[in-house]
Structures are given as C-alpha cells and as structure tokens.
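Number of protein chains: 4
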Amino acid sequence: MSTNTSSHPVTTYIGESAWSLIEPRFSSFAKKTLENLIDFLETECLPAEHLYHAQIPHDPVQRWKVIPPVMEELKRKAKSRGLWNLFLSKLHYPEHGVDLTNLEYAVMAEIMGHAPLICPQATNCAAPDTGNMEVLARYANPEQQKKYLLPLLDGQIRSSFAMTEFGVASSDATNLATKIERKNGEVIVTGRKWWISGAGDPRNAIHILIGLSDPENPNPHKRFTIVLIPADHPSVKVVRPMQVFGYDDAPEGHCEVLYDHVRLNEKECLVGGWGRGFEIIQGRLGPGRIHHCMRSIGTAERALNMMLERVSDPKRKTFGKLLKEHGTIVGDIAKSRSEIDAARLLVLTAAHRIDIARAKGAMKDIGIAKFTVPTMALKVLDRAMQAFGAEGICQDQPLAQMFAGLRTLRYADGPDEVHMLQIGRAELKRVPMLAERSKRIRDKQEALEGKGKVQAKL
Amino acid sequence: MSTNTSSHPVTTYIGESAWSLIEPRFSSFAKKTLENLIDFLETECLPAEHLYHAQIPHDPVQRWKVIPPVMEELKRKAKSRGLWNLFLSKLHYPEHGVDLTNLEYAVMAEIMGHAPLICPQATNCAAPDTGNMEVLARYANPEQQKKYLLPLLDGQIRSSFAMTEFGVASSDATNLATKIERKNGEVIVTGRKWWISGAGDPRNAIHILIGLSDPENPNPHKRFTIVLIPADHPSVKVVRPMQVFGYDDAPEGHCEVLYDHVRLNEKECLVGGWGRGFEIIQGRLGPGRIHHCMRSIGTAERALNMMLERVSDPKRKTFGKLLKEHGTIVGDIAKSRSEIDAARLLVLTAAHRIDIARAKGAMKDIGIAKFTVPTMALKVLDRAMQAFGAEGICQDQPLAQMFAGLRTLRYADGPDEVHMLQIGRAELKRVPMLAERSKRIRDKQEALEGKGKVQAKL
Amino acid sequence: MSTNTSSHPVTTYIGESAWSLIEPRFSSFAKKTLENLIDFLETECLPAEHLYHAQIPHDPVQRWKVIPPVMEELKRKAKSRGLWNLFLSKLHYPEHGVDLTNLEYAVMAEIMGHAPLICPQATNCAAPDTGNMEVLARYANPEQQKKYLLPLLDGQIRSSFAMTEFGVASSDATNLATKIERKNGEVIVTGRKWWISGAGDPRNAIHILIGLSDPENPNPHKRFTIVLIPADHPSVKVVRPMQVFGYDDAPEGHCEVLYDHVRLNEKECLVGGWGRGFEIIQGRLGPGRIHHCMRSIGTAERALNMMLERVSDPKRKTFGKLLKEHGTIVGDIAKSRSEIDAARLLVLTAAHRIDIARAKGAMKDIGIAKFTVPTMALKVLDRAMQAFGAEGICQDQPLAQMFAGLRTLRYADGPDEVHMLQIGRAELKRVPMLAERSKRIRDKQEALEGKGKVQAKL
Amino acid sequence: MSTNTSSHPVTTYIGESAWSLIEPRFSSFAKKTLENLIDFLETECLPAEHLYHAQIPHDPVQRWKVIPPVMEELKRKAKSRGLWNLFLSKLHYPEHGVDLTNLEYAVMAEIMGHAPLICPQATNCAAPDTGNMEVLARYANPEQQKKYLLPLLDGQIRSSFAMTEFGVASSDATNLATKIERKNGEVIVTGRKWWISGAGDPRNAIHILIGLSDPENPNPHKRFTIVLIPADHPSVKVVRPMQVFGYDDAPEGHCEVLYDHVRLNEKECLVGGWGRGFEIIQGRLGPGRIHHCMRSIGTAERALNMMLERVSDPKRKTFGKLLKEHGTIVGDIAKSRSEIDAARLLVLTAAHRIDIARAKGAMKDIGIAKFTVPTMALKVLDRAMQAFGAEGICQDQPLAQMFAGLRTLRYADGPDEVHMLQIGRAELKRVPMLAERSKRIRDKQEALEGKGKVQAKL
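Protein chains in written order, with the working numbering: chain A, 235 to 692; chain B, 235 to 692; chain C, 235 to 692; chain D, 235 to 692.
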C-alpha cells in the first residue's frame, strides 16, 4: 500500500494513477529512458521551440531550402543521450529495434507530443519516417536497406510516403490511379499525388510510392505495388506545398508532386515484390496510429497545462476576477481532465494489446483510439484557445498550429467515419455469442417460471 | 506474446484488452470468484429478473409487505456459492472482509450491474447496506455490531441511511437540520428526511441517521452526529415512497420519513461518538462511488448488448433493411463501445488507486469517475432505448428503469457540478509546479536565444 | 419604432421579440383568444394540476375507472370561455373549424404545453382526439360523423387510434399485420396492437384502426384500410396498460389491445373506402407534429421558468451561495434560453408554412421541427431536473413525468433517425440547382482569369 | 394560400419558409436590391474569389503593398449597381443612410457571407469600416467627417479601430492601458495595441483609437477617450501582422501597432469629447454583431451547399458508394440544415428587434445570437471540411480560411462566456415576475383544494 511509484517524473505528465497501473510493466531501461526523455523535453526541446520557428525564413522560396540549425543540434544531443529511434520495437524489429515494448514507447510518444514539431523529429521518431523505416526494415532488399534504411535510421536523410492522390477519393485505396508500368525492363511511374509529407524538405532522399500496377487483377487488393523513387529524380516535380489551415509546415511540407514518366530500374525500385502494395500499407498503419494518438494526448495535456497557467495568471483579471473564477472555466478544466485521462487509458490499452497480439490482434482497440482521440484532443485545444482569447489562435502560442495538425488526424489514415463503421461492425460480430447467451437465459427463465404461467408484466 | 488470457469468461464482458491489462493483478481466488459470479449472473440472476418483478404485487399497500420469494432463494444460492459480501475488502476490513482488492471487486461490480436490481442484492452487495456495513464495522461498538452488523452481513435484515432532508439543499451537508438533542440522559431525534432508500422494506431493521447535534460549534464539520434508530421505533413514521420517474422501487423504496421526537438510549444509539458525523459520512462515500460507477458500466454494457441483438433482429426490418443497416446506428454502436471502454478504464484505475493509496489518496480519480460515468451510461442507454422504440421505454424491457436509476446518480452523493468544481480546483493545484517548470523553460530559452536577439515571431 | 406590441401577456411566455415578429399576422380574435387562454392556464389549469393527480386512485383497478372530477369541471369552464377545439382550423375544416390559422394556434399550443396533462384535454385539444377528429371530419360518412365526430367535438367521448403493433417494426407502416377481412358481408379484424393511447379511458368510445386489407396489392401503399371499432365491442380486449418509464398515464393509458375476430358491419365501419389507409394516416400527421412540437416548447419554457425560480431560491443556498451563483448554472440557463427561442422560431415558421402551402408543402419544415424539438426540450428538462436534485425527478414536481412524455416523441410518429434521413435527402435534392449555379460561376471565373492563365493557388 | 412568394431568388439561399415569414416586411426597394445583390454575388464576387487570392503576392513584404486589382474593379461595379453602404440604415443615419431596415440588411449580410472575403469589401460593407463609419457619422465633427467619413463612405480609403491591447485582458475594456495625455495643448498617445484589423492595408488612412485619458475618474466608464490618428503619422509603427491560425489576411491584416508618443492636435483628433470612449464603443457593437452573425450564417450555408455537391459527386465514390450513401453523412446534412435554419431565424428576429427597439432594446436578442451563431457555423463548417477530406482544409477550398475567421468570432467583441453570463443574468431578471405568478397559482390551488385537505402526492 505504498505510493512511492509516484517518484518518477512521468507522474507530473500522466498522473500517479495511470502510472501506478502500468509501472510494473516497465523495464528499468524503459523507466530510465523515459526520465531521460522528459529531461530532454524540458531542457532542450521546449526551450528551442521558439527558435526553431524563428530560424525558418519568411521568404517563400528560402523557407524550403533551410533546415533550422537548432534542429540538427537537437538531433545530435538526442542521439548522444540514447534517445533515438525509440519507436522501433525490438519485439517486432530484432535487428534495428530498441528494447522497448509498444506500451513503453506509447508513454514516450505522449511526452514527445508536448512539443510535437520538435521532439519527435529530434529523436528520429517523426512521421512519415517512422512508418517508412518499418516498411524498409521489413520489405526492402539489402541494397535498398543500405541505401535508404541505414541513413534514415541514422537521421542523415528524410523520406516521404506517396499515397494520396489529387481528385481521387483515396480513403478507399482501391481508387488510386497512379500508374506503375513495366516496359522494356524499366519501371515507369506516372501520376499526380498530393499531401506528400516531407516532399518539400531539402533532406528528403526518397519517395516510397504506391501505385496501380495490375489494374485487371480480379483481386483488387493485388493490383498495387510499392516502388522507391529517389527524391532527386529529374522526373519528380514538386508542384506546390499544400497548406493546413494557413500553415505550410515548411521546410517539410505536404506537397503536390507530379511523377512525370519516372523511369526506374526494376531491381532497385521494387519493394516486397509486384502486387504486394496493399499488404504492405496495411501493416504500416497499426502502431503508427497509436503513436499519433499518444502524441495527440501529449499535445492535449500541454494545452490543458497552458490553460491552467493562463486562467490563474494574476495579470489576466477581468471584471475584478481571475479567469478561473469566472463561470464555466473550472468545469471546462474538469471535463478536459476526465477526457484526457480516459483517452490515455484507451490508447495505453491498445498499445499493450499490440504487444501481446500484434497489430492485427489489436485492430479493434487501434480503431477505437483512432476515431476517439483526435476529436477529444481538438475539444481540449479549443477550450484552451478560448481561454487565451486572440492570443490563443496566433503565432505567439503554439495552440492554433497544434489544432490544425490535430484536425488532419480526423481524416488522415482513413476518416473517422470509416473507422467508426468498422468498429460498429466489429461489435456486431459479437451478436451470435450474445444471441446464444440470451437463448440460454430465456430457456432458464422458462424453466423457472413454468412456460406461460407467469403473465406479461402489467 | 500469447493471448491465452482471453480464455476467462470475463473477456466476453469487459473485452480481452482491458482484461489483459489488469489480469496479472488478479489473484487466482479472484479469478475463480469472478468466473463463479458470471455463472451466477447468467444461470440464476438474469433468468429470475422477470419473475422478481412479477412477484411484486400491484396493490399499493401489499407491494410494500412482500419480498419476492425468488430473491430470498437467490440469496441462499449466492451464499452457498461463496458469492457473499464481496464488496468488503479484507484490505480495509480484516475481520469481516473478503480477500479481494478494490480492483478485483470493481470488475465484479460491473458484472453485477448487468442485473442491477437483482444481482447486487442477491450477493448482499447492494446499497445502502454496503456503506452501512462499512460504517458499522468501523465505528459501531460491539453491542451495536452484534445487533445490526452481524445480521446485515448475514443478509437477515436490511438497513437505511437517513441523510437527505426535505426542503433543504442537502448537497451541502452543513445545511442538515434534523435535531439530535440530549435531554435527561435520553437522545431525542426530530426531523423530516426523504429519499431514505430501503425505509419501505419490511426487512429493514435500522436507520443510520445523521443530524445536527451541536449547532453552535464554530467548526461546522463538528456539528453533526450519527445515531442508530430501530426501524420499528414507534416514533419513526414512513410517510410515503418517493418515485424516481414513475418507479417506486417497491418493496425497498426511497421514502419520506418523519422522526417525531424519537427517544433513544444514548449508549445504544451513538455511533463513533458525538460530533463525528461528518468524518464518518465522508469515509463512507469513496469506494461506494466506485461501486456505483462500475455497476453503471455493467448496465451500459448490457444496454449495448441488447441494442446489438435488436438491430440485428431479422424480424425488425424497416424499409427493406435491418435496423443495423440504417443511417447512424452503426456509428452509435461504435461511439457507445468507445465511451464504455474509456469509462471502464477510468474506474478501474480509480479502484486500483484506492488499493494503493486508500480512498483519501484516490479522491481525484473517484471524483472524475463520479461525474463522468453516469452521464456516459445515460447516453448509451438512450441510444439503446431509441433502437428499441416504444418497447425500449416500457416495462417489457429493463432499459427505462435502468435509465431512471442511473439518472439519480448525477446528483446522488453530490451533484455532477460539485464534483466537476472539485476536480477543476484539484487540477488548478498543479499550477505552481507548472509555473516553476515554465520558468525553467523560459530561462533556458533566453539562454539559448540570447536575450532580445531573436525577434518576436512575425 | 414603438414597442407597445409588448403589452400582450403572451410576451411573458414567448418573449417580446418573437411576438413582434408574428403579431401582425394575428387577427384580433386570435389575440383575444390567446389572452383568454393564458388567463385560463394561470387561473384554472395550473392551480388544478396537483388536484388532478390526487384524484386519480392508487388502486391498480380503480385508477382506470375514475375520471378526476376536476377535469370535467375544467372542460365546462373552457367551453364556456370559447376555448374549445382551437386546433381545428377553419382554413382546412370550414364546417367545424375555428377561425384560427395554424400559426395562431401554434402559439396557443405552446401555452397549453405549460400544463401538458391538463390544458390540452381541458380545451378538447388533446391527442389522439385531435387527429382523430380531423380524420373523421375529412373521411367519415355522415352517419359516422353523427355517431362519433359530433360527440368528440363536444367533448362527451374520447377516442383512440390503433396503429402500432406488438413485435413489429411499425415505424415502417408497411410492416403492419393486423388483418382486416371481408367475409359474408362482414368485416373481421384480427390482431394485437399496443401503445393505443386512450384505450384505457372509461370515456373512450371508438378505436380508429388501420390494418392490412389487401396484402397482395402490388402497391404497398394500397394494402391498408381504416375501420371504426366501437370501444365496447365484446371482441376488443384491453390486455394491459404500457408504462412510459414508470408512468401508466391512467386513466387514459397506452394499452395493449387484442382484436380477437372483431366482427363489424362494413358500411358502419369503413372510413374513406378500402385501401385508403395509408393516404389517411399521412394526412393525419403533419399539423399534429407541429402541435406536439409547440406543446414541447411550452413544456421546456415552463421547465426553464421553474429552474430560474429554483436557483434564485434563498432557501437553497449551498456552500454559502445561491445555486445561481454556482459554476455552470447561469451558462446552462443561457443555453436553454437560446435553444428554446431558436426552436420556437423553427416551429412557428413551419406552422406558417402550413398556412400558405398546406401540410404537404411544409413537409420539410415539419420534419426539421419533428427531429429537432424533442431533443432540445429533453436537454432543457434535464438541466432543470438537475437544478432541482432529487426533487426534480419525483412526483412532487412535474419535470420527470414531462421528461418521460417528451422522450416518447423521439420515436412516436417516426423515429428521429427516419426524419433526419428524409430531411437530408430533401436537402440533397437541391444539388442539381447548386451544380448548375456552380457551373455558371466556374464559367465566369474562367472567362475572368483566362483559361489556364492563373495558376493553382500556391 | 399561394406560394408565389417563392419566386424571389433569395429563396434558393434562405429557403421559402423563412422568406414567406419576413417577405411582407420587405419594401419593394429592398426586394430589388436583394435580387441585385444576389446577381452581383453569383456573377461577380464568387467568380473573382480565386483571382483575388492569386493577385496577393507571396513575398512577405510585397503582399502588404498591393491591393488585388480585381477588388477595386468589383467596388466600381458594386457602386454602379447601387450596392453600396447597404449596412447604414437611414432609420438611424438619416443623412448618409440607405433606405433599408436592419431586418432587410440582415438578409443581405447573409448573402454577402457566401463570399466573406470578397463581397462585403466590394460593397463597402466590411468591418471594421462599417462600425467606424457609424462612429464618425454620429460623433465626429464636420471637419473630421469631411476628412475621413466622406472618403470612407466613398470607398477611397479604409480605416482601423484600435482597442485590443497586448498583454491585457481587454475583454474587460476597463483594463485598457494605452495612455492619452494632454500636454501643452497637444494630445499624446502612448501604448501598444494588437489585432488592429486593417492596419496593414496600404489604403488605411485612419486609426480610431480608444485609450485611458482619466485614470483617476471614480466612474471607470468615464476614464476613456477616443481619438483619430492618421495612419501615416510618423510615430505610428506597425510592428507585425498577427496570424489567425496560419493566415495573415494580407493585405488588410490584424497588426500589432506601437503608438510611440503620437502627438496630435486636440481639435482634430478628439471624437465626441473627453471621457466618452466607453459610451461610443458600446453603441458601436450592437448592429455590427448582427452583421457578423448573418455573414456567418451565409458562410455556413455555403459550406453546406459545398458539402451537398461534394457528397453527390460521382467521382468521389468509396467502397462502391457515393459519399452521401455512407453512414452518417445524410444525418449530418439534416442536422446542419436544422441548425442553420434555427440560427437564421434567431438573428432575423434580433435584427427586427433592433428596428423596433434600437440596439439597446435588443441587447438580449443580440447577445443570444452572438454566442450561438459562431459555434453553430463552426460545427457546420467542420462537417463540410470532413466531407472534403484533406482538400477541405487546404488552399484549394475556402473552408479552412472561413473556419479560422469564424473561430475568432467566439471571442471577438467579448468571448462567448461573457455573453452567456449576461444572457443568463438577463433571464434571471424574470424571476420576480415568475415568482409573483407562481404565488397567484399557489393561492388559487389552496383555494381549490382547501388548505391541507389534499394530501401530498403519494
């Protein structure tokens, strides 16, 4: 009946209660790494957040050519602290992975989410590189791994994943239309994609692209193939950065890209073999969704922390009272507390489920988290923004940019509606079991009452 | 990486993922008891639910005089199965308690919540007896324990707790006005209470009453005392049963009671000593709130199960489709699934917190659960009722009566608003820690940027 | 720029702003009638509400045999004031109707909704009699009108409408299975219905029943016929009253009724002719839905009024403050005010639309009101109940019974979900017009920009 | 009973039902102007929307120096059509006003809201110029009017209103700290403001600034004065544009401005006299809030229109179905339809109230609209964005920028919370009237029942 679990600094982030529930499952390595990460967040990432933005030029051309120097400095520090590639679990990636379970990493992803534009990248744990490294580790051949996986693991280059297409309802991946053709020993890629994250980044070395290679295959899930395209290929044309609300997220960006008859060498470009595109992207999504969710929870927690400080600020009195003494503010704080805590437990449970049943066995838990967490986080962010007034939605606070980023998660990797449909249907699969149970209960009831003896309830 | 945890039948109630998270904390005794309880629910309680209601007479007088025989039969069966007084943890009540933690019992309370009017009473785990037994076990003298605690623990008698008062805003307990006076060696109790659960029950033997004994005490928390009043005392007058929505919950009831100069012997009646009323009721509330929450989650889970069966029922086609194929039904199911799962984890975390830090150390977790769970459960119930149409709100299905019961939990033991206020304030206590952290970050930032060197973000 | 419109007492019910918007459309007869009705509500109906309930016996048999005498007294008073059958607009029913538009009556229905169990019945404006009188006035033959319509118009008898069936998804009326057969010159009705409102009432004289008369008709909308069945026919068996939450709504009730080979004379029983059942019930629903909505708004307004008084009650201080000084109460009041006002305007607009385009031309407005108003009113009621605590859900206040009644409106006459679907589809019918407009705009844009000259927005 | 009101093109914007309710209050001039405006929107504004954005340079300096030529062209066209200064009602501004009521203009503001960045400015009806012209028309001296009001009315110059301050909780205007001092016959203004809309615009000629002129005045509402500051005064320093989410809204902008000892001539600068600042800003807010609300409703209506087209687009099939055939889309459309319609009626009612009782008599209606409409519009926008997926939040669709603009309205001119508080309190002022009515009813009830004769309801 001791409470000394609470001495770990993570309790100031996730609370003592959640920690005491999961703490026995954390190795001492994980606990130390977590402490290390928290220190890195507080002493390096958060202090550098403002400088990072200040080092991005305003000029519309230059802002895509310069990497803020403070970021490369942070990466060096993270690597020397051993805070590197934490997302890659040795459980699933014995060769390159780190000795952390998904549950252990989930808490770390939440910590990173407090500085969502800084900390994940600084620790080489940022999307889309994370999912790309997983794909390359599992499906790429040794040549490809040497050329792309190792420098990615080392943080020397970055990468993008080219899936979403212009003018296409690509939440149904079978609609993808970018062509991958084999002609005279060459592979030729032709199409227009957009929202290709990282394609604007001068460090980007590789596009991992999924396209339609076998349109006539009767099995629609075998029509697609994944290829590697060097970012500097002359037929790859970055057309423009897309904006999220007004943000272009330079220098990484989410770009429209024209693949204008990109000619590739088949052996060099093919990932996992012809027709395996679908299989590969499905494996890519599970843990990544949990990471997004945990980072979102960290972001929401930070927003709540900011709100707590703001409404207690003696300089912010209105009508003779602190903001926290007004109307509904305290109630809003309580709701945010409850919603964040509940969402965190939901995601931790899903992360643990991945540990014991792999992503496939955790699909339901992942799906629930996927459609629940971003909506929750947006509500918390919105309340925090409201407490900050005009300051809350401008460049002087990180809230609006965080909100914009979170908003994309309600359709990225499949819109909420699709995930809700899938979860609803998964629940409906319990009906035969329930119906059988109900029948047993009714039989017992009839035996107890004597058929027809007891009247309908009046 | 095995999933064989899933073989326990509880996984069909709380899901495999929640179970795998908490299963290592369950003793083998707890696991067996849980399996036993599930069997008791399915083979005894649920089949008896209809008969229980059918055995309550319609006559407005008779319905307060008869205990449905099936209930006493169920109690015998539960006792012989060892499913008895499970709520009383040996951890806190070494003498009479059962070897279960709060976490272990929490899951059992959820199971009981599937038949909320049957299973808790059948296992001697029903409010208000549970809290009353805790009070008597902790504060009553040996004579009192012999007379009331032992028969309560044995299920021979029932009890009520007399706190809420007519015409008084008793969510602030310092408003209580029922007088407890000492005169000529006697204790005299005078007042009008209502919503005294169980006061209509012919088995009720004892009112545990809190009243104002020392109105002038400068410390408002020392003005109140708890006394025991035999239910058959001639000056105790049960005026009428109160209705919850239209339900009178006979034969137990929630009654208006007139204490009309009830004369008592001081030694026999006094619990814990003069002026300790407040202290006692506060200790009474913590775990009880968690039990309410877990039962509510069980009730919500049953409502969702009922909805799943209903919308899949081939007899319920409208416009050529099953209900589940219409509009928003599947989305509603997904939301209910997410909300129940999140709420369960919140309450399990609070229960575990009580195990390691007692009720006092878990106040925040308990408070969050208290204002979150009933609202969640009401939403799930409402969706289920809507899927059942008119049948959903009538006596042929348990949903409406469950809804009514759950609705009371939004103000019983303190209204949601009070709990939200307390949780909001508890969160605000984190501000000094956060402010100190923010200051450290700002100092680092200035050191990094060089004061004034980096301009405000344009 | 005068505000003297505000002198009408209705402004204390619907506010000055809504009144000044619609006042020019009110005849002076309507204004006087409205003033008369408000006086009747305040001086007769509301003072009698408690007595009405007290005059209903508790005995489960007797409560279906006695009409509270105060109700017959109120009916006499209403009739002598000319407050009688106000629902029947001369616009649509020149023979029996009153000189009021639907808009004018809508405001009166709101006033009646302040005492929903008293005032509509006292003024002969209560469902299901209202819709039944409309059906009889439009489709019954002179004999039938003499026998049933005239005594209904006079308030001597009451009536019920038998549609909903046991075990059938009757929100899709084509599922109805009660048989209406012609044999040897007789009509024979066989089936089991439930939720037949008014079937328990000793004054009930007539069941207007819809059943399946021509199951093989290729047009499913021509398979049904409406017949009149005398309530005292020996083959009509009232099985039991259904409960709404715990309320049986005696003496009127909503009963399960067995039609056990009810033999009828074809000429006497047939309404409007064979196969016209569908057509008749559809015409019956439009204005009735608006009446339900306006009464619901009146009920919500009363709940808000009650809440306003309660939270200002100096006897209800908690923690040293009036309830209105606590947390979110004032915000809840503001939300309720906004929601009621918006809903009222929506329904008034629909009522006015019926006046100018009949029910058929107002289907969209009626549908929007139908799925919007009950949910709104339930929210307002729920907030009011919460402000009253335990007292709010018991028999000492009307709130819980009002809540139960409002809850039925979310599926009665078609569940919310069906109406939302229909409105969504009606909106989608605007797409061709919108697409044509969009095309015109794009053509203009291209002319303005010069095709291809202006680049995609960067 | 005719429906030929529906021939006006406005029925395709606000629906036939709302139009038939208000149409009798529209003059034939107003109807023609409305038709003219709709034509201008469809044939000029919407086709120019894309070009307007394309003509704003990307260069961070240049974008503040260039006015998109298409805007000046649109202004010429609007003026020649007589669509100019429609916001200024002759009712309140006989000299410069247009012959339109607030109700009539409200519908026009909704039409303008379909192109919120184009149409209001093109018709000289854009904030903050509108409120500024009202202030100058009412309070400026003839010299000032000649210099600023006339060119503003003519659309030659633009203006800004300098109120919000950096680091100050300026939703409580008594917190404003910018100093206005009189020294040696000069007026000196010193302070830092931000969110000064239009201050970045090269056409901006004048800052109307409110500052603290008499800090010791015992009446805090008399401490403030309004002065005119030429935009090109050398001591006015535009520090930076603030971003709303990621948008800088160039070339108008919302800027941080340093007033660095701005020396002014007292006669030229003073508006309305010393100490009248508060009085002036309060008069400025009423109708302006209604204009914001109506434009927001127009924006929401456009978003719904866009959603309707999108979900019907045959190119957007997923999983073999149009988007509108999936899950909750149709329900979302129905909800949006209901919410927009209800909000519109609320605002039209408030606008009409201003016509008959001026802004002061309409404060409650304005307040309800103020806190209800932006939240409603944001919900509608959010659903539309979700239907568009990634495209919905980027520069290829106007939705995200509209969302950002609407989000500011939840705190601009006072945060929602303040307005809800005021409306809640206004409602509570009805309590004495309600209490008096309740007393009358209770007295009647006692007379009816005979005191004490009828028992409490059992």
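From the three backbone atoms N, C-alpha and C, an ideal C-beta is built for every residue, glycine too.
Item to check | C-beta atoms of Val-470(B) and Cys-489(B) nearer than 7 Å | outcome: By 1-based counting over the second sequence, the position of residue 470(B) is 236. By 1-based counting over the second sequence, the position of residue 489(B) is 255. Not closer than 7 Å, so no.
Checklist entry - Alpha carbon to alpha carbon, what distance is there between Ala-371(B) and Thr-237(A)? => result In the first sequence, counting from the first residue as 1, residue 237(A) sits at position 3. In the second sequence, counting from the first residue as 1, residue 371(B) sits at position 137. Per-residue confidence for Thr-237(A) stands at a pLDDT of 42, beneath the threshold of 50, marking its modelled position as unreliable; no derived number is given.
Item to check | Cβ of Glu-283(A) within 7 Å of any chain D Cβ | outcome: As a first step, residue 283(A) is located in the first sequence; it is residue number 49 there, counting from the start. No, because no Cβ of chain D sits closer than 7 Å to the Cβ of Glu-283(A).
Checklist entry - Tell me which same chain residues have a C-beta within less than 6 Å of the C-beta of Leu-443(D), skipping the five on either side of it? => result For the purposes of this step, residue 443(D) is taken as the residue at position 209 of the fourth sequence. Closer than 6 Å at the Cβ level, and outside the excluded window around Leu-443(D), lie Ala-396, Val-461, Ile-463.
Next on the checklist: Contact criterion: CB-CB distance below 7 Å. Does Ala-618(A) meet it with respect to chain B?
Outcome noted: Residue numbering aside, residue 618(A) sits at position 384 when the first sequence is read from its first letter. Chain B, which has no Cβ nearer than 7 Å to the Cβ of Ala-618(A), makes this no.
Checklist entry - Going straight from the alpha carbon of Thr-398(A) to that of Gly-639(B), what length do you get? => result To locate residue 398(A), count along the first sequence from 1; it is residue 164. To locate residue 639(B), count along the second sequence from 1; it is residue 405. Spanning the two alpha carbons is a distance of roughly 50 Å.
Item to check | contact_flag[the stretch 414-432 of chain C, the stretch 376-383 of chain C] where n(CB pairs < 8 Å) is 3 or more | outcome: no
Item to check | Asn-216(D), buried or exposed, once every other Cβ within 10 Å from all chains shown has been counted against 16 | outcome: Here chain D has residues from 235 to 692 only, and residue 216(D) is not among them.
Next on the checklist: For Met-667(B), count the other beta carbons within 10 Å of its own beta carbon; 16 or more makes it buried, fewer makes it exposed. Which is it?
Outcome noted: To locate residue 667(B), count along the second sequence from 1; it is residue 433. Classification for Met-667(B): exposed.
Item to check | Below-7 Å beta-carbon distance, Phe-553(D) vs any chain A residue | outcome: Here residue 553(D) refers to the residue found at position 319 of the fourth sequence. True, the Cβ-Cβ gap to chain A drops below 7 Å.
Checklist entry - Ordered along the chain, which non-local residues of its own chain (more than five positions away) have a Cβ less than 7 Å from that of Cys-353(C)? => result What you label residue 353(C) is simply residue 119 of the third sequence in a count that begins at 1. Hits under 7 Å: Leu-275, Cys-279, Met-346.
Checklist entry - Which full runs of the alpha helix (DSSP H) of 4+ residues lie inside the stretch 551-618 of chain A, going along the chain? => result 563-595
Checklist entry - Can you list, in chain order, the residues of its chain whose CB lies under 8 Å from that of Gly-316(A), leaving out five sequence neighbours each side? => result By one-based count along the first sequence, residue 316(A) stands at place 82. Contacts found: Thr-267, Asn-270.
Item to check | For Thr-364(D) and His-525(D), believed in contact at Cβ under 8 Å, the rounded distance | outcome: Stepping through the fourth sequence from its first residue, residue 525(D) is reached at position 291. Stepping through the fourth sequence from its first residue, residue 364(D) is reached at position 130. Yes, they are in contact, since the Cβ atoms of His-525(D) and Thr-364(D) sit about 7 Å apart, within 8 Å.
Checklist entry - Quick one, which of Glu-306(D), Val-478(D), Asp-406(D) has its alpha-carbon nearest Cys-628(A)'s? => result As a position in the first sequence, residue 628(A) is number 394, starting the count at 1. The option with the nearest alpha carbon to Cys-628(A) is Val-478(D).
Next on the checklist: Relative to the C-alpha of Ser-546(D), which candidate in Leu-556(D), Ala-537(D), Thr-246(D), Thr-552(D) has its C-alpha closest?
Outcome noted: For the purposes of this step, residue 546(D) is taken as residue 312 along the fourth sequence, with counting starting at 1. Selected option, being the one with the closest Cα: Leu-556(D).
Item to check | Same chain, Cβ closer than 7 Å to Ala-282(D), neighbours up to 5 away in sequence not counted | outcome: Working through the fourth sequence from its first residue, we reach residue 282(D) at position 48. The residues are Val-304, Leu-308, Ile-352.
Item to check | Three-state class that DSSP yields for Gly-434(D) in the structure shown | outcome: One-based indexing of the fourth sequence puts residue 434(D) at position 200. DSSP places Gly-434(D) in coil when its eight states are reduced to three.
Checklist entry - Ala-465(C) and Pro-475(C) look like a contact to me (Cβ under 8 Å); what is the Cβ gap, rounded to whole Å? => result For this step, residue 465(C) is matched to residue 231 along the third sequence. For this step, residue 475(C) is matched to residue 241 along the third sequence. No, Ala-465(C) and Pro-475(C) are not in contact; Cβ-Cβ is about 15 Å, not under 8 Å.
Next on the checklist: If you reduce the DSSP assignment to three classes, tell me which class Val-402(A) lands in.
Outcome noted: As a position in the first sequence, residue 402(A) is number 168, starting the count at 1. The answer is coil: DSSP assigns Val-402(A) none of H, G, I, E or B.
Checklist entry - Along chain B, which residues have their Cβ under 8 Å away from the Cβ of Gly-565(A)? => result Taking the first sequence and counting its residues from 1, the one referred to as residue 565(A) is at position 331. Within chain B, the residues near Gly-565(A) are Glu-651, Met-654, Leu-655, Gly-658.
Checklist entry - What number of angstroms, rounded off, separates the C-alpha of Val-402(C) from the C-alpha of Lys-551(B)? => result Position 168 of the third sequence, counted from the start, is the residue given in the question as residue 402(C). Position 317 of the second sequence, counted from the start, is the residue given in the question as residue 551(B). Going by the C-alpha atoms only, they are around 9 Å apart.
Checklist entry - Does any CB atom of chain B fall closer than 7 Å to the CB of His-242(A)? => result Position 8 of the first sequence, counted from the first residue, corresponds to residue 242(A). Cβ-Cβ to chain B under 7 Å: no for His-242(A).
Checklist entry - List, in order along the chain, the chain C residues whose C-beta lies closer than 9 Å to that of Thr-364(A)? => result To locate residue 364(A), count along the first sequence from 1; it is residue 130. Per Cβ cutoff of 9 Å: no residues; Thr-364(A) is ~29 Å from chain C at best.
Item to check | N- and C-terminal bounds of the beta strand (DSSP E) containing Ala-634(C) | outcome: Mapped onto the third sequence, residue 634(C) falls at position 400. Unbroken run through Ala-634(C) is the alpha helix (DSSP H), 633-642; no beta strand (DSSP E).
Checklist entry - Are three or more beta carbon pairs between the stretch 537-545 of chain C and the stretch 563-577 of chain D nearer than 8 Å? => result no
Checklist entry - With 7 Å set as the bound, which would you pick, yes or no: does the beta-carbon of Val-398(B) sit closer than that to a beta-carbon of chain D? => result By 1-based counting over the second sequence, the position of residue 398(B) is 164. With the sequence shown as reference, residue 398(B) is identified as Thr, and Val is not the correct amino acid for it. Chain D, which has no Cβ nearer than 7 Å to the Cβ of Thr-398(B), makes this no.
Item to check | Contact set between Gln-679(D) and chain C, taken where Cβ atoms lie within less than 7 Å | outcome: Here residue 679(D) is taken as the residue at index 445 of the fourth sequence, counted from 1. The answer, in chain order, is Pro-281, His-284.
Next on the checklist: By alpha-carbon positions, which one of Thr-412(C), His-653(C), Gly-595(C) ends up nearest to His-495(C)?
Outcome noted: Here residue 495(C) refers to the residue found at position 261 when the third sequence is read from its first residue. Among Thr-412(C), His-653(C), Gly-595(C), the Cα nearest to that of His-495(C) belongs to Thr-412(C).
Item to check | Selection from Trp-298(A), Arg-587(A), Gln-296(A), Pro-302(A) that minimises the alpha carbon distance to Gln-289(A) | outcome: Residue 289(A) sits at position 55 when you count from the first residue of the first sequence. The residue with the shortest Cα to Cα distance from Gln-289(A) is Pro-302(A).
Next on the checklist: Would you say Gly-561(D) lies against chain B (beta-carbon separation less than 7 Å)?
Outcome noted: Position 327 of the fourth sequence, counting from 1, holds the residue named residue 561(D). Yes, because at least one Cβ of chain B sits closer than 7 Å to the Cβ of Gly-561(D).
Next on the checklist: Quick check: is the beta carbon of Arg-510(A) nearer than 7 Å to any beta carbon in chain B?
Outcome noted: The residue labelled residue 510(A) in the question sits at position 276 within the first sequence. So, not an interface residue.
Checklist entry - So what does Asn-453(C) bridge to, in DSSP terms? => result Here residue 453(C) refers to the residue found at position 219 when the third sequence is read from its first residue. Answer by DSSP bridge pairing: none, since Asn-453(C) is not bridged.
Checklist entry - Is the Cβ-Cβ distance between Leu-255(A) and Thr-335(B) less than 7 Å? => result Counted from its first residue, the first sequence places residue 255(A) at position 21. Counted from its first residue, the second sequence places residue 335(B) at position 101. Their beta carbons are not under 7 Å apart, which means Leu-255(A) does not touch Thr-335(B) by this criterion.
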